[in-house]
């Protein structure tokens, strides 16, 4: 089955609710910047590239809504703006009539609430920047024309993301030998993108190229993206996949059961330091100890040249509730303090190669990364 | 509150059911070798030293039962022999009259079923060996006298375990500086022993010595001993404790938030290689990268001189059900393969020191370990 993580349907953005996968497969519907921002914050959609595409649609939806003088909507399923968490009260007020001033103010609010949804994934800011450029380029046009132009751009960002993933997949597949047992952490799959995936896109491309590979998926506490999403995607594709808890990766490497590691990333600094799901750093350190290549599937939109090193990448700390258990299952002892950093930084020196749509950069460093943009 | 993991009550062994902690605090009751073996297998009791004490009582209970010609019992709560899993059908048949021959055969069966309960913790075999020696030393006596002698030995093993833990605690506490933030993995606490604990015993002794330390507890998937048991024990003692998922330890070390690591062990080979809960090896590799001391609290009964190196330590693979979720909460995608090694091996070169009741062996190796027994 083809996984359509985000789709445009009936003038709304629909996103698979990744919080309930694989127990249930359901689309939620979004029709405003604030509702999309809440969907990103609450991790209905997650994964850096998917967040970027969602944000682009959020901007387009806000333009459509404002150009039609509609109140901020809620998803038809009751999802959408969570007023308790809504950081943009102004959006919850009916607009004072139409007109370009209100449109402009509303759009600025929309950009603001989307930018505030999650701090670590740079694709979010990359997509908002790209949408803003388009918006400014059509400033002279009517809100209705502007909204259509922004929607066209969001569609293009989605299509582009899939093209880029397939290009990365082809480059990455060449790095995996037939029969390779490849470990991945979290979910950098179709569910983390508009489709195909970054790390899992490499696996899909390898299989498409006739290579017999098998995947080892870390379960990835606390949100369990590996156990729920990566395992589910690989089962859908009939790619052999074995689930382990996060603390088993070192043992399997020591036993000689891992040939390579491929992960995704949420932001790469100008020097090649990689921010990705918490636990990625531990896998990288272990891969180095066991001389196992550690690859990062990284579209250019994930590289942030404005950030010199990983030290400057903001690391999101999420709610402690996520660590107390999972969903309605709580097991942590009462009264214990809890930490919940959602990401960590893997220094460039531990990265064997960055897999991009323009090719693979081995031993990435500031110079090699600059070349990509030259 | 003082945690009595195992206690002798009303001519039965009672053990805290660690599968339901911290949600519920309950004792289960055991009156035969097979029921104790099932309690060990199903992890009502876990932790190498606690398993050793439980096995010793299992032998004594079997002797009492056989000397009174009683059928194999079930715990008063319905726990005890699980006939589906019972590897000793002969124990479930009424004995053919009394007499020393039946007694001897019954006792051999009891030793066998206890030895088969879990493969990795050497304390189990150490305790059984010790009980067998006592049994052989009183071979001439009546079953009743033998049973009383074996029960006395079990009581002594329990008392000794607590004395040893306090001696280890004193030696280990000296290694921790005031204000130290100490990371531990799994539960090597009072719940893993007859009381006080090995790794957590070091923390208790440090606090008793007036040091302000704080503990970082890995949650320890899949059985969650860290989130459920270590966090619970430290909260009981008012020792500051912070819970993290297993994949966060590397990030905290990289952030400079960990001053030392102290863990327990299930078996140490003659060369100092350490078998402990799955994930311990990853913590050791990360500690080395960050120059953080990595200590193993290890009573002499956990050192197995008959095993040259960690490669020869049998690693238990447990049911895949444990990895699919926790208790009634299932989240793993249908159709995924699963691995569940319960332990891993940390090479001696990564161990800063073994904390034993006879003192600390720094950079443990075969020679240093032999000296302990000299």
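Chains as they are written, first to last, in the working numbering: chain S, -13 to 360; chain U, -13 to 360.
From the three backbone atoms N, C-alpha and C, an ideal C-beta is built for every residue, glycine too.
Range of the contiguous beta strand (DSSP E) that encloses residue i
| i | result |
| --- | --- |
| residue 254(S) | 253 to 255 |
| residue 330(S) | 329 to 332 |
| residue 107(U) | Unbroken run through residue 107(U): none, as it is neither H nor E. |
| residue 339(S) | 339 to 342 |
| residue 229(S) | 227 to 230 |
| residue 170(U) | 167 to 170 |
| residue 26(U) | No beta strand (DSSP E) holds residue 26(U); the alpha helix (DSSP H) holding it covers 19 to 27. |
| residue 345(U) | 345 to 348 |
Given residue i as reference, the closest of the options once Cα atoms are compared
| i | options | result |
| --- | --- | --- |
| residue 346(U) | 228(U), 155(U), 45(U), 112(U) | 155(U) |
| residue 96(S) | 41(S), 2(S), 301(S) | 41(S) |
| residue 205(U) | 325(S), 3(S), 296(S) | 325(S) |
| residue 335(S) | 201(S), 255(S), 9(S) | 255(S) |
| residue 339(S) | 354(S), 328(S), 330(S) | 354(S) |
| residue 56(S) | 30(S), 284(S), 19(S), 38(S) | 19(S) |
| residue 134(S) | 301(S), 46(S), 277(S) | 46(S) |
| residue 358(U) | 258(U), 296(U), -4(U), 277(U) | 258(U) |
| residue 141(S) | 117(S), 131(S), 122(S) | 117(S) |
| residue 3(S) | 122(S), 29(S), 323(S) | 29(S) |
| residue 246(S) | 261(S), 269(S), 260(S) | 269(S) |
| residue 265(S) | -12(S), 236(S), 38(S), 21(S) | 236(S) |
| residue 22(U) | 100(U), 122(U), 356(U), 327(U) | 100(U) |
| residue 14(S) | 7(S), 1(S), 243(S) | 1(S) |
| residue 220(S) | 238(S), 232(S), 200(S), 210(S) | 200(S) |
| residue 212(U) | 39(U), 185(U), 191(U) | 185(U) |
| residue 98(S) | 36(S), 44(S), 87(S), 12(S) | 44(S) |
| residue 356(U) | 303(U), 301(U), 294(U), 322(U) | 294(U) |
| residue 147(S) | 166(S), 113(S), 322(S) | 113(S) |
| residue 323(S) | 244(U), 203(U), 267(U) | 203(U) |
| residue 209(S) | 16(S), -1(S), -4(S), 32(S) | 32(S) |
Beta-bridge pairing of residue i - partner residues as DSSP gives them
| i | result |
| --- | --- |
| residue 1(S) | -8(S), 14(S) |
| residue 281(S) | 248(S), 339(S) |
| residue 200(S) | 167(S) |
| residue 316(U) | 311(U) |
| residue 303(S) | 327(S) |
| residue 290(S) | 255(S) |
Euclidean distance between Cα positions of residue i and residue j
| i | j | result |
| --- | --- | --- |
| residue 318(S) | residue 207(S) | 14 Å |
| residue 129(U) | residue 49(U) | 7 Å |
| residue 360(S) | residue 344(S) | 12 Å |
| residue 216(S) | residue 119(U) | 53 Å |
| residue 164(S) | residue 187(S) | 16 Å |
| residue 363(S) | residue 310(U) | Since the first and last residues shown for chain S are -13 and 360, residue 363(S) lies out of range. |
| residue 218(S) | residue 89(U) | 55 Å |
| residue 262(S) | residue 352(U) | 41 Å |
| residue -10(S) | residue 131(S) | 28 Å |
| residue 25(S) | residue 281(S) | 30 Å |
| residue 234(S) | residue 54(U) | 47 Å |
| residue 7(U) | residue 222(U) | 13 Å |
| residue 35(U) | residue 139(U) | 15 Å |
| residue 312(S) | residue 305(S) | 12 Å |
| residue 10(U) | residue 214(U) | 11 Å |
| residue 298(S) | residue 284(S) | 19 Å |
| residue 74(S) | residue 91(S) | At residue 74(S), the pLDDT of 38 sits below 50, so the modelled position is not reliable and the matter cannot be decided from this model. |
| residue 241(S) | residue 136(S) | 52 Å |
Residue span of the alpha helix (DSSP H) that contains residue i, given as start and end
| i | result |
| --- | --- |
| residue 86(S) | 86 to 101 |
| residue 310(U) | 307 to 310 |
| residue 260(S) | No alpha helix (DSSP H) contains residue 260(S), which is instead part of the beta strand (DSSP E) from 260 to 263. |
| residue 148(S) | 129 to 159 |
| residue 52(S) | 34 to 53 |
| residue 355(S) | 352 to 359 |
| residue 237(S) | 235 to 240 |
| residue 295(U) | Run containing residue 295(U): none; DSSP gives neither H nor E here. |
| residue 212(S) | Looking at the DSSP string, residue 212(S) is not in any alpha helix (DSSP H), and its letter there is neither H nor E. |
| residue 269(S) | 266 to 275 |
| residue 207(S) | Run containing residue 207(S): none; DSSP gives neither H nor E here. |
| residue 187(U) | 185 to 194 |
Chain-ordered chain C contacts of residue i [CB-CB under 8 Å]
| i | result |
| --- | --- |
| residue 323(S) | Protein chains in the displayed structure are S and U, and chain C is not among them. |
Stretch-stretch touch, CB-based, cutoff 8 Å, three pairs: the region 246 to 264 of chain U with the region 172 to 187 of chain U
Cβ pair count under 8 Å is three or more, so yes.
Counting pairs of Cβ atoms below 8 Å between the region 267 to 279 of chain S and the region 181 to 196 of chain S, do you hit three or more?
Judged by Cβ distances under 8 Å, the region 267 to 279 of chain S makes no contact with the region 181 to 196 of chain S, as fewer than three pairs qualify.
Can we say the region 228 to 239 of chain U touches the region 140 to 153 of chain U, given the rule of at least three CB pairs closer than 8 Å?
Taking a contact to require three or more Cβ pairs closer than 8 Å, the region 228 to 239 of chain U and the region 140 to 153 of chain U do not qualify as touching.
So, do the region 109 to 128 of chain S and the region 158 to 170 of chain S have three or more beta carbon pairs nearer to each other than 8 Å?
Verdict: no, contact absent.
Quick check: the region 283 to 291 of chain U against the region 96 to 114 of chain U, are at least 3 beta-carbon pairs closer than 8 Å?
Yes, the region 96 to 114 of chain U is in contact with the region 283 to 291 of chain U.
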